[in-house]
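For the sequence shown, position 218 matches number 263 in the numbering used here, and the numbering has no gaps at all. Ideal placement from N, C-alpha and C gives every residue a C-beta, glycine not left out.
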Amino acid sequence: MTVVITAFERSPDRGRGLARDMRVRWALEETGVPYEVRLVSFETMKQPAHMALHPFGQIPTYEEDGLTLFETGAIVLHIAQRHPGLLPVDVGARARAVAWMFAALNTVEPPVVELSMASILERDQPWFAPRQQMLEARLRTRLAQLSHRLGDADWLDGDFSVGDLMMANVLLRAKGGGPLDAFPNLAAYLARAEARPAYRRALAAQKAAFEASETSPA
């Protein structure tokens, strides 16, 4: 059965690769798994049919041969475990790749998202300036630690893996005039990830979906 994932009908990231379906698209492209995308509106996401797939009414979801998954970490790990291309053969290296995937989601992503959301939602609040400074300092600490560990290596642990896929996707939110610019090796790391053919295919597909939604009736 063909894999079916869900994505925003009108993505708030405007096709820039920031919406979380990008992680799943990228993993499927890296492993060569064919898939279909079902676009859902914000209204549809809160309806019972979609809530049955994702209990929190979000995207993406993943359906294949009777299996339904939500949460990008779980989906991407499932893809990596079932198909070659994202996990090393060596048992220890596989475990480390998974550890880096969880580090991306649990250690690096929270300060990245908190800083970006504060910039959008709290800018008019009296506490914005000092809180922004605190959030920026917290993210710089995490990025400095990641930069130190990466050093001059191409990838986090040997060859490109599911850990790099998830870490690079998380770092996209810190790109372009953001904290990432202070760490040239991390900026170069992200550029290498974005240059991968599978990433470029996934990004083109997400952008095409957004552009189609812009030309269709609301």
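Look at the beta carbons and you see the segment 156 to 167 not touching the segment 136 to 147: under three pairs across the two are nearer than 8 angstroms.
In this chain, residue 218 is not harboured by any beta strand (DSSP E), its DSSP state being neither H nor E.
DSSP assignment within the segment 74 to 112 yields the following whole beta strand (DSSP E) runs of 3 residues or more, N-terminal first: 80 to 85 and 106 to 109.
For residue 186, the three-state secondary structure derived from DSSP is helix. In this model, residue 97 and residue 183 are separated by some 37 angstroms (Cα to Cα). In the same chain as residue 192, and ignoring 5 residues on each side of it, the C-beta atoms closer than 6 angstroms to its own belong to 228, 230 and 231, in chain order. Rounded to the nearest angstrom, the gap between the Cα atoms of residue 128 and residue 155 is 28 angstroms. When DSSP reads this structure, residue 121 sits in no beta bridge, so it has no partner.
Of the residues assessed, residue 117 falls on the buried side of the cut-off, its CB having 16 or more other CB atoms within 10 angstroms. Between residue 207 and residue 109, the gap from beta carbon to beta carbon reaches 7 angstroms or more. Judged by DSSP secondary structure, residue 260 falls within the alpha helix (DSSP H) whose first and last residues are 242 to 260.
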